[in-house]
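Undergrad: Residue numbers (full-length UniProt numbering): 1 to 552.
Take this structure first; my questions come after.
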Amino acid sequence: MAEIENDQVPAKLDDVLGDKAPSDAKGTSGPSSSSGPSNLSADVLGRDEIQKQFRAFENAFRLRREARGLIPRLHQQQISKLSAISEKKRWDLSLETETMRKKTGARSIEQIEALHEQAERYGALVKNETLRNEQIERDIRDVETRIVSLKMSTGGVGSELKRSHQLERKIKNHENLLDKALVKFNEASNSNQQLKDVIDFLRRERLVFDSVQDKMLREIRDKRAATSDMLVRSEAFGKDADGFQQQMRHIKDAVDQEFRALERGWHEIAASLADQEEVMDELDKSHQNDLQKRAELHAKHGERERDLAGRLRAAEAAITDKREAIRAARARIEQTERQFEDVRRATSIESIDALVDGFLKAEEDNFHLYKQIGALQEGIETVDDEIVAAQAELQKYRNRQAGRPNESNTERMTRSLAKKVAAIVKEYEESSKDAQEATATLVSICRHVADISHEIGTGERRSATAYGEMNDTTVAEELATIEEVVVDLLNKFVAQKGENGVGDVRLLMRQIRVQDVAIVPPTVEEDDLDDDAAGAAHEGAAAPHAPRRDNK
């Protein structure tokens, strides 16, 4: 085994020297001897090749240096071992020789010859190993010589150190540049992440704005549909108003015809009264009829008052609901305007102001149309009252005309007049109670009118005995004065409503020092009023009575 290891180690060294090192021991056949140090520094490829050869020789030198101490020791051990074996063989040979001398046989002679041959082989092996050791030492010296020549050709020992320092500095510079580039890359990555977050936020915000815009567009479409419906209703109201006006014209034409017929009858009656003395009796009867008609008028006035009170309460409730609806609509419109202002800043929508103005104008036109319809209804009721009064006057004149003496129909008119007188007397007796109630109502109205007149500063407070002295003329004058004050209040109310959107009648009443007035009803059927209900009811119906309500 020791012989095999001793044979392999020099073979490996020869392979290294044969593959990596130049063929000439003096280094004259390599590329460095032909080009020179100056050409090596210029030619990068040649310098790399020389460095590779230098590293190969250096490795081979290191192996030779290690083998220089190892191989002689191995050889010395091998020689010692072979010497010991040789001595042992010699000792055995001497013993065998002595034995053979004693025994002297053919077999012992052959053994001796074999031992001699074996001793010669061992001697040849020792000689070969000694020669190989000398050859290895010569190869080591050649390698050292090559290493020295290569170092001298590359510029000396310090050149590689300088180059290594330069390479280290370059490596550090490149590392610094790499660190700076890494810092810039990290900053760019952070900036990109922030931009991605901003983009995501803007996308979410755009989705929110798109949803809000869709909602606003739906509300605009709904409001447009509502506005178109309001316009349709307004047109229908206009048509109804035209119809009412046409009806009023027809009624006025009919009234004019009746009045013309009445005038013709009056002229005929006047001519007949000039010729007949019996007209005086008829005049007395007509005076009684006038008294009866006044009682009936008072009764009708009470009924009209109750009717107006009921309609006033309904109108007040409707106006209150309308105001609440207008306030709610204004609140919704303000909220819609705020939302559309946000959408306008985000999406540059500019048409909402005109849309809201058109909607408010339509609401205001609708409200004015509602007031106009109420005024038309009030005018129709007034015309109805005038027609009733005209019919009463016509009936009165017809009754007077029936009493005109004529040669042809005197008896017939007398019988008719007698029947009418009997009917009037019967009706008078039947309506006596109504006349008493109408008288009481008239006194109560006189008291309330005087109290209201005193409260608003248009007259003095009357005593309890003075109320009986007031008649229908005095009441009409007081009502006219109150109506003027109420019209002034309503004008101020409309002006304030145009400025602030919603008027406050109580504030206006305080400005002219008007306090709350409570009318105590004479019967259970009538209700009380205050100045807020009276001011609000004037927009929808007539004025006098309405239930007292706190509009705060």
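Even glycine gets a Cβ: it sits at the ideal position worked out from N, Cα and C.
Nothing here was measured: the structure is a model prediction, and the numbers come from that model.
Given that a residue counts as buried once 16 or more other Cβ atoms are within 10 Å of its Cβ, and exposed if not, what is residue 559?
TA: Given a span of 1 to 552 for the chain in the structure shown, any question on residue 559 remains unanswerable.
Undergrad: With H, G and I counted as helix, E and B as strand and the rest as coil, what does DSSP make of Val514?
TA: Any answer about Val514 is weak, because its pLDDT of 40 lies below 50 and its placement is not dependable; what the coordinates show is given next. In this structure, Val514 counts as coil in the three-state DSSP scheme.
Undergrad: What separation, rounded to the nearest whole angstrom, lies between the Cα atoms of Ser286 and Ile251?
TA: So the alpha carbons of these two residues sit roughly 28 Å apart.
Undergrad: If you draw a straight line from the C-alpha of Ala181 to the C-alpha of Glu175, how long is it?
TA: Distance between the alpha carbons of Ala181 and Glu175 is about 10 Å.
Undergrad: Roughly how many angstroms separate the alpha carbons of Asp242 and Glu378, rounded to a whole number?
TA: So the two alpha carbons sit approximately 15 Å from each other.
Undergrad: Assess contact between the stretch 109–123 and the stretch 134–141, defined as three or more Cβ pairs (one per stretch) separated by less than 8 Å. Is contact present?
TA: Verdict: no, contact absent.
Undergrad: Straight-line CA distance for Lys81 to Ile50?
TA: C-alpha separation (whole angstroms): 44 Å.
Undergrad: Thinking Ala119 and Ser86 are a contact (beta carbons under 8 Å), I'd like their distance in whole angstroms, please.
TA: That belief holds up - the Cβ atoms of Ala119 and Ser86 are roughly 6 Å apart, short of 8 Å.
Undergrad: Threshold first: 4 residues or longer. Then list the alpha helix (DSSP H) segments lying entirely within the stretch 165–224, N to C.
TA: DSSP runs (the alpha helix (DSSP H)) wholly in the stretch 165–224: none.
Undergrad: Answer with buried or exposed for Arg73, where buried requires no fewer than 16 other C-beta atoms within 10 angstroms of its C-beta.
TA: Its Cβ having fewer than 16 others within 10 Å, Arg73 is exposed.
Undergrad: Could you check if Ala261 is buried or exposed, using at least 16 other CB atoms within 10 Å of its CB as the buried criterion?
TA: Classification of Ala261: exposed, given that the 10 Å Cβ count is below 16.
Undergrad: Using the beta-carbon count (16 or more within 10 Å), is Ile319 buried or exposed?
TA: Per the 10 Å Cβ criterion, buried.
Undergrad: Which one of Val126, Asp229, Lys88 has the shortest CA to CA distance from Gln77?
TA: Here the closest residue by C-alpha is Val126.
Undergrad: From Arg90 to Leu131, what does the alpha carbon distance come to, in whole angstroms?
TA: Computed Cα separation, rounded: 24 Å.
Undergrad: Counting C-beta neighbours from all protein chains within 10 Å, is the total for Ile519 16 or more, i.e. buried, or is it exposed?
TA: The pLDDT assigned to Ile519 is 34, lower than 50, so where the model puts this residue is not dependable; a value taken from the coordinates is nonetheless given after this. That one is buried.
Undergrad: What distance in whole Å lies between the Cβ atoms of Ala56 and Val143, which are believed to be in contact at a cut-off of 8 Å?
TA: 11 Å between Cβ atoms; not a contact.
Undergrad: Exposed or buried, Arg146, counting other C-beta atoms within 10 Å across all chains shown (16 or more means buried)?
TA: Buried, by the Cβ-count rule.
Undergrad: Count the other CB atoms within 10 Å of the CB of Asp290; is the residue buried (16 or more) or exposed (fewer)?
TA: That one is exposed.
Undergrad: State buried or exposed for Asp139, treating a residue as buried only when at least 16 other CB atoms are found within 10 Å of its CB.
TA: Buried.
Undergrad: Straight-line CA distance for Gly265 to Phe259?
TA: Near 9 Å, if we compare the C-alpha coordinates of Phe259 and Gly265.
Undergrad: For Arg141, does the count of other Cβ atoms within 10 angstroms reach 16, so buried, or fall short, so exposed?
TA: Exposed: under 16 other Cβ atoms inside 10 Å.
Undergrad: Could you have a look at Glu526 and say whether DSSP puts it in helix, strand or coil?
TA: Because Glu526 sits at a pLDDT of 38, beneath the cut-off of 50, its placement in the model cannot be relied upon, and the following sentence gives the value as read from the coordinates. Glu526: coil per DSSP, three-state reduction.
Undergrad: Output needed for Arg121: all residues of its chain with C-beta closer than 8 Å, excluding positions within five of it in sequence on either side, in chain order.
TA: Result list for Arg121: empty, nothing under 8 Å.
Undergrad: Look at the alpha carbon of Glu98 and the alpha carbon of Asp92, and state the distance between them as a whole number of angstroms.
TA: The alpha-carbon atoms of Glu98 and Asp92 are separated by roughly 10 Å.
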